[in-house]
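Enquirer: Can you read through this structure? Questions will come right after.
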Amino acid sequence: MSQARIIDGKALSDRIQDEVTAEVAKLKAEHGLTPGLAVVLVGEDPASQVYVRSKGERSKAAGMHSVTHRLPADVAQAELIALVEKLNADPAIHGILVQLPLPKGLDEKAVITTISPDKDVDGLHVVNAGRLSQGLPALVPCTPVGSMVMLRDVLGDNLAGKRAVVVGRSILVGRPIAQLLLQADCTVTIAHSRTVDLPAVCREADILVAAVGRPRMIQADWIKPGATVIDVGINRVPFDDPIKAAEGKTKLVGDVAYKPALQVAGAITPVPGGVGLMTVACLLQNTVTAAKRIAGLE
Ligand code: NDP
-13 MSQARIIDGK
-3 ALSDRIQDEV
7 TAEVAKLKAE
17 HGLTPGLAVV
27 LVGEDPASQV
37 YVRSKGERSK
47 AAGMHSVTHR
57 LPADVAQAEL
67 IALVEKLNAD
77 PAIHGILVQL
87 PLPKGLDEKA
97 VITTISPDKD
107 VDGLHVVNAG
117 RLSQGLPALV
127 PCTPVGSMVM
137 LRDVLGDNLA
147 GKRAVVVGRS
157 ILVGRPIAQL
167 LLQADCTVTI
177 AHSRTVDLPA
187 VCREADILVA
197 AVGRPRMIQA
207 DWIKPGATVI
217 DVGINRVPFD
227 DPIKAAEGKT
237 KLVGDVAYKP
247 ALQVAGAITP
257 VPGGVGLMTV
267 ACLLQNTVTA
277 AKRIAGLE
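So that you can map any letter, position 215 of the sequence shown is 201 in the working numbering, and since no number is skipped, the others follow by simple counting.
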């Protein structure tokens, strides 16, 4: 079998960024509306700092109003909640994202519940999760939206009846992806750490989504020949080269054993350069959607 098609996250995310930039310019010109995104970062987690910087830079590049609030790791829960409430009431802000995970001692659920569902651009509020599960208009988590864009780039709208297996059931990734696949008329299985014979379950998939957080767990012989594989996992591991590894150098890999999988899958997303790039682009898209809905334009 020929090598799998590599689904290009850079090209697709650039396309979304361009579309968002054009839409923001139009909203400004026609309605005097500048979509605004507020990102809240608590603590000093290095990976979170990289993500937050990228969210700020790309929202500004799209012409949005963009603010980042940095709070110390020992901030009081009440102070964090008060900031979210202030952003809820700020008419210049249409999207609020609190970067997760929060440092120990802070109650993530309470913080997410405080975000106005209309401004919940991460799609984590129970109101948005409920609306998604009922097929109603919702703000949907960004990584699942980006994963569907990548899938449609391969399969077009031809998803009905496909067997989809999602490995992982988190509220941020696994569950909402499964909901979107169901809405697209796939036959969906959600697998998790208690699934019996995971390789056999995966082998049934025309569409295999890996959202586990375990480096290279999904092996090539778990993949049905020709399947479309969306690898959401982002895992930092030591370099394969022992000399570089000894120097402490690390790299990013997905949840799928990528090189062998290339020989079996029909199409696959790389890590890095795949789903991760789509997440930020879809966050900007969600912010524009939120701004339009709040302004009564959609
Ligand atoms: P979570 O840790 O919240 O969830 C992991 C899921 O994987 C759980 O449902 C868990 O099952 C399941 N799981 C764990 N071990 C196994 C196993 N051995 N076999 C089968 N299932 C297993 O992670 P997230 O959903 O937040 O993230 C998943 C991955 O995606 C991570 O690598 C993360 O870095 C990445 N990510 C990437 C993003 C992007 O932009 N590309 C955005 C967000 C996350 P159980 O529920 O039974 O414990």
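Note that the Cβ used here is the ideal one computed from N, Cα and C, for glycine as well.
(1) Between the beta-carbon of residue 123 and the beta-carbon of residue 111, is there less than 8 Å?
(2) Please name the residue or residues paired with residue 151 in a DSSP beta bridge.
(3) Quick one, which of 281, 274 and 252 has its alpha-carbon nearest residue 23's?
(4) Do residue 37 and residue 286 come within 8 Å of each other at the CB atom, strictly closer than that value?
(5) Where does residue 236 land, buried or exposed, given buried means 16+ other C-beta within 10 angstroms?
(6) Would you please state the rounded distance, in angstroms, between the beta carbons of residue 82 and residue 60? I believe it to be under 8 Å.
(7) Does the separation of the CB atoms of residue 7 and residue 48 fall below 8 Å?
(8) Any chance the CB of residue 221 is under 7 Å from a heavy atom of the ligand NDP?
(9) Give the C-beta separation of residue 152 and residue 268 to the nearest angstrom, bearing in mind that I take them to be a contact with Cβ-Cβ under 8 Å.
(10) Using a threshold of 7 Å, is the CB atom of residue 202 nearer than that to any non-hydrogen atom of the ligand NDP?
(11) Label residue 229 either buried or exposed according to how many other C-beta atoms from any shown protein chain fall within 10 Å of its C-beta, with 16 as the threshold for buried.
(12) Starting from residue 4, trace the alpha helix (DSSP H) in both directions and tell me its first and last residue.
(13) Do you know offhand how far residue 135's Cα is from residue 118's?
(14) On the criterion of 16 or more Cβ atoms from any shown chain inside 10 Å, does residue 160 qualify as buried, or is it exposed?
(15) Any heavy atom of the ligand NDP closer than 7 Å to the CB of residue 184?
(16) Could you give the residue range of the beta strand (DSSP E) that holds residue 214?
(17) Start and end of the beta strand (DSSP E) containing residue 278?
(18) With respect to 7 Å, is the separation between the Cβ of residue 175 and the closest non-hydrogen atom of the ligand NDP below this value?
(19) For residue 170, tell me which candidate among 185, 189 and 141 has the shortest Cα-Cα distance.
(20) Can you tell which of 76, 239 and 29 has its C-alpha closest to the C-alpha of residue 101?
(21) Please report how far the alpha carbon of residue 174 lies from the alpha carbon of residue 168, in whole angstroms.
(22) My assumption, with CB atoms under 8 Å, is that residue 17 sits in contact with residue 281. Please give the rounded CB distance.
(23) At a cut-off of 7 Å, would you count residue 84 as near the ligand NDP, judging by its Cβ distance to the nearest heavy atom?
(24) Looking at the structure shown, is residue 221 part of a helix, part of a strand, or coil, going by DSSP?
(25) Given a cut-off of 8 Å, decide if residue 196 and residue 172 are closer than it, judged by their beta-carbon atoms.
(26) If distances are taken between C-alpha atoms only, which option among 234, 219, 44 and 53 comes closest to residue 26?
(27) Which whole-angstrom value is the C-beta distance of residue 266 and residue 239, which I expect to be below 8 Å?
(28) Thinking just about the alpha-carbon of each residue, which of 271, 262 and 255 is nearest to the one in residue -6?
(29) Using only the alpha-carbon positions, how far apart do residue 176 and residue 96 sit?
(30) Measuring straight from C-alpha to C-alpha, what distance separates residue 178 and residue 199?
Expert: With the given structure in hand:
(1) For the purposes of this step, residue 123 is identified with residue 137 of the sequence shown, where counting begins at 1. For the purposes of this step, residue 111 is identified with residue 125 of the sequence shown, where counting begins at 1. For the 8 Å CB-CB criterion, residue 123 and residue 111 do not form a contact.
(2) Position 165 of the sequence shown, counted from the first residue, corresponds to residue 151. Beta bridge pairing from DSSP links residue 151 with 175 and 194.
(3) Walking along the sequence shown from the start, residue 23 turns up at place 37. Of 281, 274 and 252, the residue nearest in Cα terms is 274.
(4) Residue 286 is absent from the structure shown; the chain starts at -13 and stops at 284.
(5) Within the sequence shown, the letter at position 250 stands for residue 236. So residue 236 counts as exposed.
(6) Translated into the one-based positions of the sequence shown, residue 82 becomes position 96. Translated into the one-based positions of the sequence shown, residue 60 becomes position 74. About 22 Å; that fails the 8 Å criterion.
(7) Working through the sequence shown from its first residue, we reach residue 7 at position 21. Working through the sequence shown from its first residue, we reach residue 48 at position 62. Yes, the Cβ-Cβ distance between residue 7 and residue 48 is below 8 Å.
(8) Mapped onto the sequence shown, residue 221 falls at position 235. At a cut-off of 7 Å, the beta-carbon of residue 221 counts as near the ligand NDP: some heavy atom of the ligand is closer than that.
(9) Stepping through the sequence shown from its first residue, residue 152 is reached at position 166. Stepping through the sequence shown from its first residue, residue 268 is reached at position 282. Contact flag wrong, Cβ pair sits at about 17 Å.
(10) Along the sequence shown, one-based indexing puts residue 202 at 216. No, Cβ of residue 202 sits at least 7 Å from all heavy atoms of the ligand NDP.
(11) Here residue 229 refers to the residue found at position 243 when the sequence shown is read from its first residue. Per the 10 Å Cβ criterion, exposed.
(12) In the sequence shown, the residue the question calls residue 4 occupies position 18. Counting along the chain, the alpha helix (DSSP H) containing residue 4 begins and ends at -5 to 17.
(13) Taking the sequence shown and counting its residues from 1, one reaches residue 135 at position 149. Taking the sequence shown and counting its residues from 1, one reaches residue 118 at position 132. Rounded to the nearest whole angstrom, the C-alpha separation of residue 135 and residue 118 is 17 Å.
(14) Counting from 1 along the sequence shown, the entry for residue 160 is found at position 174. By the 16-neighbour rule on beta-carbons within 10 angstroms, residue 160 is buried.
(15) Counted from its first residue, the sequence shown places residue 184 at position 198. Residue 184 Cβ: within cutoff of the ligand NDP.
(16) The count along the sequence shown starts at 1 and reaches residue 214 at position 228. 214 to 217 is the extent of the beta strand (DSSP E) around residue 214.
(17) Walking along the sequence shown from the start, residue 278 turns up at place 292. Premise fails: residue 278 lies in the alpha helix (DSSP H), 261 to 280, not in any beta strand (DSSP E).
(18) The count along the sequence shown starts at 1 and reaches residue 175 at position 189. Residue 175 Cβ: outside cutoff for every heavy atom of the ligand NDP.
(19) The residue you call residue 170 lines up with position 184 of the sequence shown. Answer by Cα proximity: 141.
(20) Here the question's residue 101 lines up with position 115 in the sequence shown. Comparing Cα-Cα distances from residue 101 to each of 76, 239 and 29, the minimum goes to 76.
(21) On the sequence shown, residue 174 is found 188 positions in, with the first residue counted as 1. On the sequence shown, residue 168 is found 182 positions in, with the first residue counted as 1. Whole-angstrom Cα-Cα distance: 6 Å.
(22) Looking up residue 17 in the sequence shown gives position 31. Looking up residue 281 in the sequence shown gives position 295. With 8 Å as the limit, residue 17 and residue 281 qualify as a contact, their Cβ atoms being about 7 Å apart.
(23) On the sequence shown, position 98 is the one that residue 84 refers to. For residue 84, the shortest C-beta to heavy atom distance toward the ligand NDP is 7 Å or greater.
(24) The residue given as residue 221 occupies position 235 in the sequence shown. It is a strand residue.
(25) Numbered from its first residue, the sequence shown carries residue 172 at position 186. Numbered from its first residue, the sequence shown carries residue 196 at position 210. The answer is no: Cβ separation not under 8 Å.
(26) For the purposes of this step, residue 26 is identified with residue 40 of the sequence shown, where counting begins at 1. With distances taken between Cα atoms, residue 26 lies closest to 53.
(27) Within the sequence shown, the letter at position 280 stands for residue 266. Within the sequence shown, the letter at position 253 stands for residue 239. In fact, because the Cβ distance is near 20 Å, the residues do not count as touching under 8 Å.
(28) As a first step, residue -6 is located in the sequence shown; it is residue number 8 there, counting from the start. Cα-wise, what sits closest to residue -6 is 255.
(29) Residue mapping note: residue 176 aligns to position 190 of the sequence shown, counting from 1. Residue mapping note: residue 96 aligns to position 110 of the sequence shown, counting from 1. Looking at the two C-alpha atoms, the distance is approximately 27 Å.
(30) Counting from 1 along the sequence shown, the entry for residue 178 is found at position 192. Counting from 1 along the sequence shown, the entry for residue 199 is found at position 213. Each residue's alpha carbon lies about 11 Å from the other.
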